[in-house]
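Contents: one structure, followed by commentary.
Number of protein chains: 2
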Amino acid sequence: MSGKNAYQTFVDYLLSNSQNMTPQRATIVGAFLETEGHFSSEDLYHKVRKTEPGIGQATVYRTLKLLVRSGLADCFDMGEGVTLYEHAYDHPHHDHLICTRCGRKEEIVDETIERRQVELAERSGFTLSRHRMFLYGLCPVCRRKGIKD
Amino acid sequence: MSGKNAYQTFVDYLLSNSQNMTPQRATIVGAFLETEGHFSSEDLYHKVRKTEPGIGQATVYRTLKLLVRSGLADCFDMGEGVTLYEHAYDHPHHDHLICTRCGRKEEIVDETIERRQVELAERSGFTLSRHRMFLYGLCPVCRRKGIKD
DNA sequence: TTAATTGCAAATCGTTTGCTGAAAG
DNA sequence: CTTTCAGCAAACGATTTGCAATTAA
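Line order of the protein sequences matches chains F and B.
The working numbering numbers the first residue of the first sequence as 5 and each following residue consecutively.
The working numbering numbers the first residue of the second sequence as 5 and each following residue consecutively.
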C-alpha cells in the first residue's frame, strides 16, 4: 500500500506540473518501486528493458529526475562517477556505512550526530538544510576474510 | 617551512617509487602548495599555465594523483561532477560546511561526532577507516540577503 | 642506454540535450 | 490543436589513456 500511495504521489506531482503520465513512465516508476537498496540509472534501465525493450535510456534518466523532484526518490553521489538512487517515500533520512572491500551499504542514523550537526552549523552562523555523511570501513564479513588471508 | 617539508615529502615519495622529479612536477607542486582552500584540477591547471604555458592538462591530472598518493593532497567529490583537492600535509582531518547559495566552504570538526561515528560503525560490526561529511545550509551573509530579497 | 615523462589528441563514461515524429489532454 | 513525450543520436564535460617524442638518471 505504500507502493500505491507513492505511485499516486507521483501522478499528483505530474498533474500539478502539467506533465503527463505515460506508459513509459508507469513502467519506470513501477520498476523503481520494486527495486530495493541503491541503484544507478543504468541499473534501472536494464531492469526496465526486460519488460519493455523499447524504452530509451534518456527516458529513464528523465523519469528518475522527476522521481527525485516528486519526493519519491533520493539521489546521491559517492564520488565513484555514478549517481545512486534510493527510495525516499516513507523512507526517512539516514546516512550510509559502506564496506570498502565488498561495497555493501548499510543505512544508519544517530540522533546525537544529527543534533550536533545543527549545532555545529549554527555555531558558524549557518542554517542547516541538509547533510550527507558516508562512513567507510570493513564490514564484519570482509574483516574476517581479511584475517584469514 | 611547512612548504619545504611538504615538498621534500613529495620528492621522497617519488624517489621511493622510482619516479622522477621534473620541472613540470616542480611547477605544479609549487602552485599546489601556494593555493589555499578547495580547487579543481582545472583551477590548478589555469594557475600553472600563467607561469608555464607549455604544461599540459594531463600532466596536472597525473601530478595531482601523485600528490594524493604522497599524502600532500586530499581529494573529494561533492557530487557536482568535479573532484576538489585541498592540502593534507600538516592539515588534519575535517569536514565541510557548504553554503548552498554562494558555495562558500568552511572547515569543521567535532569530537563528539567523530567519536559517535566510530561507535555507530562498530555497532554494525564495521571497522571504520574514514568518513566524509558534508553539511549544506545558508551562510550568515546569504541568509541576510535572503531576508532582504 | 633505459625507464620514466611529457603533451597532444583521441577515447571514456555517465549524463544531458536537440530534434523529429508520436501521443496526451 | 497545442503541449508534452519518447527515442535516437549527437553533444558534453571531466578525466583517462595511447602514443611518439623528450628527458631524467
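Heads up, the beta-carbon is just placed ideally off N, CA and C, and yes, glycines get one too.
Helix, strand or coil for residue i per DSSP?
i: F/D16; result: helix
i: F/E40; result: coil
i: B/E84; result: coil
i: F/A92; result: coil
i: F/N24; result: coil
i: F/G58; result: coil
i: F/R127; result: helix
i: B/R119; result: helix
i: B/S6; result: With a pLDDT of 47 at B/S6, under the threshold of 50, the predicted position of this residue should be treated as unreliable, and no value is reported.
i: F/R147; result: helix
i: B/G107; result: coil
Considering residue i, what are the terminal residues of the beta strand (DSSP E) in which it resides?
i: F/I135; result: The sequence given here has His at residue 135 of chain F, not Ile. Here the beta strand (DSSP E) through F/H135 covers T131 to L142.
When DSSP builds the beta bridges, which residues end up paired with residue i?
i: B/D99; result: B/I112
i: F/C79; result: F/Y89
Taking buried to mean at least 16 other C-beta atoms within 10 Å of its own C-beta, is residue i buried or exposed?
i: B/E90; result: buried
i: F/L142; result: buried
i: F/C103; result: buried
i: B/Q23; result: exposed
i: F/D99; result: buried
i: F/L19; result: exposed
i: F/A77; result: buried
i: B/A10; result: buried
i: B/T116; result: exposed
i: F/R127; result: exposed
i: B/H135; result: buried
i: B/H97; result: exposed
i: F/V3; result: This structure leaves residue 3 of chain F out entirely; chain F is present only between 5 and 153.
What are the boundary residues of the alpha helix (DSSP H) that includes residue i?
i: F/Y65; result: Q61 to R73
i: F/E46; result: S45 to T55
I'd like the list of long-range same chain contacts for residue i, defined as Cβ closer than 8 angstroms, with 5 residues on each side in sequence excluded.
i: F/T55; result: T31 and A35
i: B/S6; result: At B/S6 the pLDDT is 47, less than 50, meaning the model places this residue with poor confidence; the figure from the coordinates comes in the next sentence. Around B/S6: Y93 and D94.
i: B/A125; result: T131 and L132
i: F/H70; result: In the sequence under discussion, the amino acid at residue 70 of chain F is Leu, which differs from the His named in the question. Around F/L70: F14, Y17, L18, Q23 and R29.
Please return the same chain residues whose Cβ sits closer than 6 angstroms to the Cβ of residue i, not counting the five positions on each side in sequence.
i: B/R108; result: C143
i: F/Y49; result: Q61 and V64
i: B/C146; result: C103, R105 and C106
i: B/R29; result: T67
i: B/V33; result: F14
i: B/L139; result: L101
Please return the same chain residues whose Cβ sits closer than 7 angstroms to the Cβ of residue i, not counting the five positions on each side in sequence.
i: F/M25; result: V15 and L18
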